[in-house]
Ligand SMILES: Cc1cc2nc3c(=O)[nH]c(=O)nc-3n(C[C@H](O)[C@H](O)[C@H](O)COP(=O)(O)OP(=O)(O)OC[C@H]3O[C@@H](n4cnc5c(N)ncnc54)[C@H](O)[C@@H]3O)c2cc1C
Ligand SMILES: Cc1ncc(C[n+]2csc(CCOP(=O)(O)OP(=O)(O)O)c2C)c(N)n1
Ligand code: SF4
Ligand SMILES: [Mg+2]
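Chains as they are written, first to last, in my numbering: chain D, 415 to 955; chain H, 3 to 419; chain R, 584 to 916.
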């Protein structure tokens, strides 16, 4: 007997009813720029490498990371991680510990001996890199990967620039630095030590280089005039820190006064403490919130017993003591002298007032523009002189390792383009994945992982690394705190929440597609996408 | 096997022989004994496999049957009167979905006033529900009709009510021939549903149908009943072959070959009528009887053919189309329309009012003489009625009718006066 | 123990899927091969919570029963939008009989399966709140009381939506419906009426009673699957916002369900044999206004002729739920 007419229907036949015609707006998938990536001076694809770390594929994560930055183990220690400041998760509970995961990956790579893939091509071009600081190393790495022959000429006896001669060991163990430098050299980069470039054009000509990248940093400690007796020992911070790398450790005495308020001041005070100073006092003109040093560094220094005299300037240095004047902030926030004085005992005064660039190697080079002691560069990192590029501390910048690494990468890509007679095409940036684009309900509550710290006694007495790394399980946890802002992470929400089954799941790694034949345009997928990877677009009717 | 047994018990046994798989039970007199007996059989393990479900209402009874029938189980329930009305929505639905449920209606009056005794107003109220309705004259016929009903219902995929007079049949002890299981199995094949809820072959039953197809659906239900008009006599023939008895069919006639007056009725009252007719025939009256077994489908042609040679007919029915007259009579008139036959309607036995032979004698003789009003209320207490009507003419609010009438009849004590 | 959320993943088990979860921890809805029991092309309004809830629930039941499932459906939006002749959206054996008899129809199906020895085939009945808490209530109670082997799912959108948004016994106080207009001294639905069917279901001592919302898929699936592993009468009431009837944006359906739970307005819990065994805790408690404001059915409580005291009475209802069911996490916010 046939089935009853009309009252009994065949299953699933509603497919003939194309409800897509009801729609006035359509959802579309898009990729938005995550704020971490946007904030990274080295241009790292942070979210991209966290994605792999989330699944425990650390090697893949590391490989994605080093696409942009060859120094993750260093970076995971010294970077001031502006990415974390921008991280949307910060508005939810606390930012993702990007930096600690980066360090974990960097350390893991060293431990497991992961190497960079050898360059695929050879262009036959030769590029000279001056200076083996982070900027120079980064440029060398990227140039080498692009197939160019690279030679680094370095004035000093060791690689790393300020990473070695500035940043103290307790923040950056030298084995870590050495390992990451060596891996770059293993790409076939030549590094010549004790080769100070005195005249860049000459050096280029001598070596037959097609282009040069200059990254000589800023090494000349700034000084200020302090009336002082002969007996008072006044030294500059960079010299002190540099001598830490040599045989003879600096003799600073038991009572050390550091003058300045930047990270260098902190580093030198903490170093003095470790060298046996009973008192390490920082004298700074303004208040703590005005201090250029990062708050966490100030905090760590205070924990270790470093003292700070806020709102103070050094008026005079006498024998075994100094005179300081109290300051007060005026209504504009500038410190003004009060005429109130105080005397501090001091065996030495270390000036940490910033550094100037030694530009002597550029003398006579045509087309250059020098401003405020730094070399001006175009957006492609080229100086006014064709073929000579520059980056890092010697150009106007924030003067961080991260910026230096970023400059190196950018310069390398532009040098590559310039050598080919082209200009580098920079793809348009995606729209930013702001916090309000997210539906944060979906993210598990998960507080940031706290990194282990060395015990305080050893922090005060040794140069052992202060901050520990994450282990595999908490690195994994931390990676998984990433919200994947603006980019589909295949959470299946759109696929699930569509009342019309109008989303096709394409399978792992392939994301999703809309079935516009049935999508009624309700917008639920957009509203419930945790990471803001879908938007509604009006239909033109 | 011949047995002296109660009608309900006999029907229960017949149902059991039909191997029902789901039975829904809800108590209401005078149907209760049937499901009670079935319940006992299931519980005792005599009737298996079968699910006996004590539902919470007749609406649920029919709804459970809808579910079980749609899922391919032979399904049965029984009800009467208020119970039938309580399930009405589901009654229509079962028919609309074409589910071959068999239901016994132990015919009983509908309240208010509440009344447990027999008349036909309950099942007749469902005449347009899409269910077929077969009326049993005797308990033997009730037994037989149930067996035929399952066969017919399942063949056509349409539900059937087997109607038997409450108390008069359900509670009467009579000799009944209960067939053997072999006979029933030979007559009634296992249920092969027309459509079934089955995960192996999903379908959606019970769509919403708009103006574009609704009429067709309804026509197809009608066409089913037209097919039944052909199948019912055939199935009765087949039944006779196996069971050796004449039972069922669309109509049954008695002495109508030369009858000038034909009495038409349904159900057990036909017995009394036949007795009266016998007596009248003995006196030389040319009177005969037409019993209608199948009220739905209504055998218009057969009724017409049965009546065509007579001069007049009188429909004696246990139902009242309030504001109009007879229900069965209206159907019969449709059958003879254009013939010029004279027809009378006699409303009798409402709410269990006895229909004595004497009254029938009087009624039929008046009919022969064509002295009847078009609609006659047999044995109506005109005195009580008229008094009430009189009172109502005087005061608009005359108090409860039933109470007043009983008072007039002296049944209620003076304090109600 | 209630559904245990997996926490230490990017989204844990809050999202529909998660590539990091083990296969057996994944939701039915995340599966590429999920049954899509109700197919595309149905005529539910944009963003209909009921259409979504029905797929969530029935797909889960399909998964748990290995596809051996039959459904009975009460009259209402779900029925009307899924099976207008000549097209059906259902991909499973499905029957619609009447508005008020779905539980009984399901009982009949279950009985048929039992006689036929098809213990593998499971039966669900489903209906709207009107079909469940009002007109079908007698049949529902009967099905419960007999402990028939049926899982009944009520899609609670707090009103008779299919007939144009009238009040049901599940309509919350103050809500505007076509039969509780926002006029007179007590605008909208009155306080002090309505029926708590989950609790009434519990009073039947049936094996399982649960509430769920379309905002908590994992919890919903867990409950449906758990119910499907049991025999006897089971009841799940799923909170399904109705954009049309509530006057809400179609993209707010899930958000509103979430807010109903997070405010305490709709307590999400489960009970076995009449005893509450777990509640879904509030994650971030929110004030009732946040839930009410996006819905036009409560619009008369705000704006020019605001009724702050009515809002406070609704808040009191939410607070009472929170107290009664212990909806706040220990030391929670
Ligand atoms: C004490 C201290 C702590 C710091 N801490 C941090 C920190 O925690 N995080 C952070 O991000 N940044 C930190 N910085 C800043 C950071 O170290 C510098 O911004 C960064 O190293 C600059 O990199 P660069 O490659 O431009 O130069 P450099 O690191 O200074 O490297 C320049 C290199 O060029 C060589 N060179 C110079 N002149 C010549 C020449 N004529 N020929 C050949 N070679 C030459 C030098 O010997 C040196 O090796 C710190 C700086 C100091 C001083
Ligand atoms: C006996 C009966 N009474 C009334 C109706 C009309 N009716 C059909 S659907 C419906 C409303 C359904 O409300 P609900 O059960 O809450 O489901 P919803 O549409 O809200 O999903 C009504 C009143 C009917 N079909 N049958
Ligand atoms: S009226 Fe409400 S329940 Fe009905 S289809 Fe529309 S959104 Fe869904
Ligand atoms: Mg509803």
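For every residue, glycine included, the Cβ atom is placed at its ideal position computed from N, Cα and C.
Item	Value
Excluding the 5 residues preceding and the 5 following residue 618 of chain R in the sequence, name in chain order all residues of the same chain whose CB lies nearer than 6 Å to its CB.	642 and 645
Determine, for residue 155 of chain H, whether the minimum Cβ-Cβ distance to residues of chain D falls below 7 Å.	no
What does residue 730 of chain D pair with, by DSSP beta-bridge criteria?	D:737
Name the one or two DSSP bridge partners that residue 705 of chain R has.	R:652
Could you round the C-beta distance between residue 684 of chain D and residue 707 of chain D to whole angstroms and report it? I think they count as a contact, below 8 Å.	Contact flag wrong, Cβ pair sits at about 11 Å.
When you check each C-beta in the segment 418-435 of chain D against every C-beta of chain H, which residues fall closer than 9 Å?	418, 419, 420, 421, 422, 423, 424, 425, 426 and 427
Can you list, in chain order, the residues of its chain with a C-beta nearer than 7 Å to that of residue 624 of chain R? Leave out the 5 residues immediately preceding and following it.	670 and 672
When the Cα of residue 191 of chain H is compared with those of H:41, H:28 and H:76, which residue comes out closest?	H:76
May I ask whether a heavy atom of ligand 1 can be found less than 6 Å away from the beta carbon of residue 544 of chain D?	yes
Just mark residue 766 of chain R as buried or exposed, buried being the case when its beta carbon has 16 or more other beta carbons within 10 Å.	exposed
Rounding to the nearest angstrom, what Cα-Cα distance links residue 172 of chain H and residue 156 of chain H in this structure?	25 Å
In this structure, does DSSP put residue 942 of chain D in helix, strand or coil?	helix
According to the Cβ coordinates, are residue 23 of chain H and residue 698 of chain R closer than 7 Å?	yes
Scan the segment 145-228 of chain H and note each continuous beta strand (DSSP E) run of 3 residues or more that stays entirely inside, going in chain order.	162-167 and 175-179
Which residue marks the beginning of the alpha helix (DSSP H) containing residue 124 of chain H, and which one marks its end?	123-126
Give the straight-line distance between the Cα atoms of residue 681 of chain D and residue 581 of chain D, rounded to the nearest whole angstrom.	7 Å
Kindly examine ligand 2 and report whether one of its heavy atoms sits closer than 6 Å to the Cβ of residue 744 of chain R.	yes
Measure from the alpha carbon of residue 769 of chain R to the alpha carbon of each residue in R:902, R:722, R:783 and R:896, then state which is nearest.	R:896
Just reading off the alpha helix (DSSP H) that residue 291 of chain H is part of, what are its end residues?	Unbroken run through residue 291 of chain H is the beta strand (DSSP E), 289-294; no alpha helix (DSSP H).
Report the partner residues of residue 841 of chain R according to the DSSP bridge assignment.	DSSP lists no partner for residue 841 of chain R.
With a threshold of 7 Å between beta-carbons, can residue 915 of chain R be considered close to chain D, or not?	For residue 915 of chain R, the predicted structure reports a pLDDT of 45, less than 50, and the residue's modelled location is therefore unreliable. The matter cannot be settled from this model.
Scan the segment 663-682 of chain R for residues whose Cβ lies nearer than 7 Å to a Cβ of chain H and list them as they occur along the chain.	663, 666, 667, 668, 671, 673, 674, 675, 676, 677, 678, 679, 680 and 681
Which whole-angstrom value is the C-beta distance of residue 330 of chain H and residue 339 of chain H, which I expect to be below 8 Å?	Their Cβ separation, rounded to whole angstroms, is 15 Å, which puts residue 330 of chain H and residue 339 of chain H out of contact at 8 Å.
Going by DSSP in three states, residue 851 of chain R sits in which element: helix, strand or coil?	coil
Starting from residue 39 of chain H, follow the alpha helix (DSSP H) in both directions and report where the run begins and ends.	34-45
Over what stretch of residues does the alpha helix (DSSP H) that includes residue 523 of chain D continue unbroken?	512-526
Tell me residue 119 of chain H's beta-bridge partners as DSSP assigns them.	The partner list for residue 119 of chain H (beta bridge, DSSP) is empty, contrary to what the question assumes.
Three-state secondary structure (DSSP) at residue 419 of chain H?	In this predicted model, residue 419 of chain H has a pLDDT of only 34, less than 50, meaning its place in the structure is not dependable enough to derive any value.
May I ask which residues mark the beginning and end of the alpha helix (DSSP H) holding residue 388 of chain H?	384-396
Please list, in chain order, all residues of the same chain as residue 893 of chain R whose beta carbon is under 6 Å from its beta carbon, the five residues on each side excluded.	757 and 884
If I'm right that residue 893 of chain D touches residue 487 of chain D with Cβ under 8 Å, what's the distance once you round it to whole angstroms?	Their Cβ separation, rounded to whole angstroms, is 16 Å, which puts residue 893 of chain D and residue 487 of chain D out of contact at 8 Å.
Could you pull the start and end residues of the alpha helix (DSSP H) that residue 406 of chain H belongs to?	403-410
Between residue 568 of chain D and ligand 1, is the CB less than 6 Å from at least one heavy atom?	yes
Mind reading off the beta-carbon distance from residue 584 of chain D to residue 791 of chain D? Whole number of angstroms is fine, and I expect it under 8 Å.	Actually they are not in contact, since the Cβ atoms of residue 584 of chain D and residue 791 of chain D sit about 34 Å apart, beyond 8 Å.
Counting only Cβ-Cβ distances shorter than 8 Å, please list the residues of the segment 184-214 of chain H near chain D, keeping chain order.	196, 197, 204, 205, 206, 207, 208, 209 and 211
Evaluate residue 710 of chain D with the Cβ neighbour count: other Cβ atoms within 10 Å of its Cβ, from every protein chain shown; 16 or more gives buried, anything less gives exposed.	exposed
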